[in-house]
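K.L.:
Residue numbers (my numbering): 88 to 150.
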């Protein structure tokens, strides 16, 4: 039982760094307000969305 608990503890400690660092992207687009932007990436020919943000009245948003 103690060996299993020890193995689980070591496994969890090793997996903690695999968690992403995250991101904080602030954007401001003049002339565009109250609209939705999509942050994503391409995989082959398809665009895969990662996150979305709704711009405020000033055209600002944070991913």
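Glycine included, every Cβ here is placed at the ideal spot set by N, Cα and C.
In three-state terms, what does DSSP make of residue 124?
P.N.:
As a working note, residue 124 is residue 37 in the chain shown. Strand at residue 124.
K.L.:
Per DSSP, what kind of secondary structure is residue 114 in: helix, strand or coil?
P.N.:
Working through the chain shown from its first residue, we reach residue 114 at position 27. Three-state DSSP puts residue 114 in a strand.
K.L.:
For residue 127 and residue 135, which I take to be in contact (beta-carbon distance under 8 Å), what is that distance rounded to the nearest angstrom?
P.N.:
Along the chain shown, one-based indexing puts residue 127 at 40. Along the chain shown, one-based indexing puts residue 135 at 48. About 5 Å separates the two Cβ atoms, so the contact holds.
K.L.:
Tell me which residues share the same chain as residue 150 and place their Cβ nearer than 6 Å to its Cβ, disregarding the 5 neighbours each side in the sequence.
P.N.:
Indexing the chain shown from 1 puts residue 150 at position 63. Result list for residue 150: 112, 126, 138, 140, in chain order.
K.L.:
Return the chain-ordered list of same chain residues with a C-beta closer than 6 Å to the C-beta of residue 144, the five sequence neighbours on each side being excluded.
P.N.:
In the chain shown, residue 144 corresponds to position 57, counting from 1. Excluding residues within five positions, the ones whose Cβ falls inside 6 Å are 120.
K.L.:
Starting from the C-beta of residue 152, find all residues in its chain whose C-beta is less than 6 Å away, skip the five residues before and the five after it, and write them out in chain order.
P.N.:
The structure shown does not extend to residue 152, since the chain is modelled only from 88 to 150, so the question has no answer here.
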